[in-house]
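J.: Next up is a structure, given as structure tokens.
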Amino acid sequence: HHAGLKPRVRLSTELALQIAVVSILWIALAVFAPAFFMLSYIPGYAGGLVLCALHGFYEHHHGTTSHYGRLYNLLFFNDGYHVEHHARPGVHWSRLPEHREPDARESRWPAPHRWLDTCVLNPLERVVLHSRLLQRFVLHAHARAFQSVLPAVPGAVDRVAIVGGGLFPRTAIVLRRLIPNARITIIDANRAHLDRAQRFIGQTNAEFVFVHEWYRARPSQAYDLVVIPLSYVGNRRVLYDHPPAAAMIVHDWIWRKRGVSRIVALTLLKRVNLVVR
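Counting the sequence shown from 1 gives a position; this note's numbering is that position plus 132.
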């Protein structure tokens, strides 16, 4: 699992003993309480397996990802320190916080709840895609917010990186209008999102570069401005403390105000924050 190898099953004395004990308990339940076994225990057991599969899937869905929520890790034996566990699988769970990776990919949700990001944001994006009226509203709201914070960017903006183009590439469209001479690079690990952005913007537009890869949030001189999406999978706290470019604009929830900030729209529960080095 940690080395990227196929799983192997090795029958040990301990495993054989566990299988025997569980089998005896199941047979006893089936014989002495068949209704409970079939109507309560089996459905509950199946539901537990589904939750285990969901947990395992979202721990690795966007690459190995950690969650540092105190309550979750207190209740579940530091299960959220998944990047650290992969880096040091032999370290006891109680010591994983000592080895916290500063550049680890981080989610604000524990693994079983990460579907909420997709559940909330993607359907809203798809609704916008099917409504010209909503597209105009979203573009106008974001243009107004960006226009308010861009004057605080130090120096000229010639090179822009937009992380995660999104199903509807509002940021790229808005920045093309507000900074017409800038060269804009859209970086997204989702090929379908990039393809859709190309259709919206135009595949032959030489002022745009489309990069299909995961964004590595590290300080760089490659861009004058980096734009981070609301759906960013990573450690936002590190981004705010150490911006990867001279200026960074972060799409964030309305209650998270940092740096030079402007509310996009109350109905979207969203704001943009500009921070500089």
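Built from N, CA and C at the ideal position, the CB exists for glycine as well. Bear in mind that the values here come from a model prediction, so they are computed numbers and not experimental data.
With a 10 Å radius around its C-beta and 16 neighbouring C-beta atoms as the bar for buried, classify I311 as buried or exposed.
T.: Buried, because 16 or more other Cβ atoms sit within 10 Å of the Cβ of I311.
J.: So is G212 buried or exposed if we call it buried at 16+ other beta carbons inside 10 Å?
T.: Label assigned to G212: buried.
J.: List the DSSP bridge partners of H193.
T.: G195, per the DSSP bridge assignment.
J.: Thinking C-alpha only, which one of H262, V182, E257 is nearest P244?
T.: Nearest C-alpha to P244: V182.
J.: Determine the extent of the beta strand (DSSP E) in which A220 is found, giving its start and end residues.
T.: Residue 220 is actually Arg in this sequence, not Ala. Premise fails: R220 is in no beta strand (DSSP E) and is neither H nor E.
J.: Determine the burial state of H217: buried for a count of at least 16 other Cβ atoms within 10 Å of its Cβ, exposed for fewer.
T.: It counts as buried.
J.: Quick check on this structure: which residue in F169, L400, P376 has the alpha carbon closest to the alpha carbon of W387?
T.: For the residues F169, L400, P376, the minimum Cα distance to W387 belongs to L400.
J.: Per DSSP, what are the beta-bridge partners of V343 in this structure?
T.: DSSP lists I319 as partners of V343.
J.: Quick one: give me the first and last residue of the beta strand (DSSP E) that I386 is part of.
T.: It is not in any beta strand (DSSP E) - I386 carries neither H nor E in the DSSP assignment.
J.: Please report how far the alpha carbon of T196 lies from the alpha carbon of R237, in whole angstroms.
T.: Approximately 7 Å, taken between the alpha carbons.
J.: Since I319 contacts A293 with CB under 8 Å, what's their CB separation in whole angstroms?
T.: The pair is a contact, with the Cβ atoms about 6 Å apart (cut-off 8 Å).
J.: If you compare alpha carbons, which of V306, R409, V153, A354 is closest to R291?
T.: Closest by alpha carbon: A354.
J.: What number of angstroms, rounded off, separates the C-alpha of Y372 from the C-alpha of P283?
T.: About 19 Å.
J.: If I follow the unbroken alpha helix (DSSP H) through V370, where does it start and stop?
T.: First-last of the alpha helix (DSSP H) with V370: 368-373.
J.: For V141, write down the residues that DSSP places opposite it in a beta bridge.
T.: None; V141 has no bridge partner.
J.: Could you please give the first and the last residue of the uninterrupted alpha helix (DSSP H) stretch that includes S280?
T.: Start and end: 264-281.
J.: From I305 to W241, what distance separates their C-alpha atoms?
T.: I305 and W241: Cα-Cα distance of roughly 30 Å.
J.: Classify N205 as helix, strand or coil using the three-state DSSP reduction.
T.: Helix.
J.: Starting from M380, follow its DSSP beta bridges and name the residues at the other end.
T.: Answer by DSSP bridge pairing, in chain order: V358, V407.
J.: Would a check of beta-carbon distances place R390 closer than 8 Å to chain B?
T.: Chain labels in this structure do not include chain B; a single protein chain is all it has.
J.: On the DSSP letters alone, give me the boundaries of the beta strand (DSSP E) that A293 sits inside.
T.: Segment 291-295, the beta strand (DSSP E) holding A293.
J.: Considering only the beta carbon of each residue, do A378 and P286 sit closer than 8 Å?
T.: Yes, the pair counts as a contact, with Cβ atoms nearer than the cut-off.
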